[in-house]
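Those letters in the sequence shown? Residues 291 to 397, by this note's numbering. Below: the structure, in structure tokens.
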Amino acid sequence: MRQPWTLERIRTAVVGAEQQLEQVLSVSALQDPPRKTIPEASYQAVHDAVVSLVTLFRDHVLDAAAATLIARAYAKCVAGTITSPNVACLRQVLDVVRMVRERHLPA
Numbered sequence: 291m292r293q294p295w296t297l298e299r300i301r302t303a304v305v306g307a308e309q310q311l312e313q314v315l316s317v318s319a320l321q322d323p324p325r326k327t328i329p330e331a332s333y334q335a336v337h338d339a340v341v342s343l344v345t346l347f348r349d350h351v352l353d354a355a356a357a358t359l360i361a362r363a364y365a366k367c368v369a370g371t372i373t374s375p376n377v378a379c380l381r382q383v384l385d386v387v388r389m390v391r392e393r394h395l396p397a
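Now the structure itself:
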């Protein structure tokens with residue numbers, strides 16, 4: 291039997307995805323020399339986290355505008371890049387996620 295998505299479960303999933311993005315940023319910062327792009331091994335984790343966030347906000351928070359903000363911020367990161375998204379752009383995505391979470395999922 292499937293359990294419904296409560297606000298607390300949604301909040302936990304969003305915070306987990308945020309932490310995953312933060313971890314990728316910290317790994318990038320620890321490289322010697324610090325990298326401007328995220329490590330290639332982390333690209334799939336970033337993509338999965340962003341897709342999960344968009345899906346959560348679209349399907350369970352019922353705010354398509356919030357999902358669109360996250361998707362657009364991520365699309366700007368990967369648009370026209372041959373390599374992985376850069377760290378500064380991923381920080382912008384994380385800022386958008388935090389703003390949307392604070393607006394729609396208050397603690």
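Built from N, CA and C at the ideal position, the CB exists for glycine as well.
For residue i, the nearest candidate out of the options (CA to CA)
i, options, result
"V336", "L395, K326, M389 and Y364", "Y364"
"Q334", "D349, K326 and V314", "V314"
"W295", "I328, L352, L320 and D322", "L352"
"L395", "L380, F347, R362 and R381", "F347"
"L311", "A355, N376, A397 and A369", "N376"
"I409", "S374, A355 and V390", "It is not possible to answer for residue 409, since the shown part of the chain is limited to 291 through 397."
"R388", "A356, H350 and A378", "A356"
"L380", "V390, D322, Q293 and K366", "K366"
"A354", "V390, Q321 and L320", "V390"
8 angstroms contact criterion, which residue i and residue j should meet: CB distance rounded
i, j, result
"S332", "A303", "Contact flag wrong, Cβ pair sits at about 19 angstroms."
"V340", "L359", "Not really, about 12 angstroms apart at Cβ, beyond 8 angstroms."
"L384", "E308", "7 angstroms"
"R325", "S318", "5 angstroms"
"A369", "V344", "At roughly 16 angstroms, the Cβ-Cβ gap does not stay under 8 angstroms, so A369 and V344 are not in contact."
In DSSP terms, what residue i is bridged to
i, result
"T327", "N376"
The ligand ADP heavy atom lying under 7 angstroms from the CB of residue i
i, result
"L359", "In the structure on display, the ligand ADP does not appear, and there are no ligands present to speak of."
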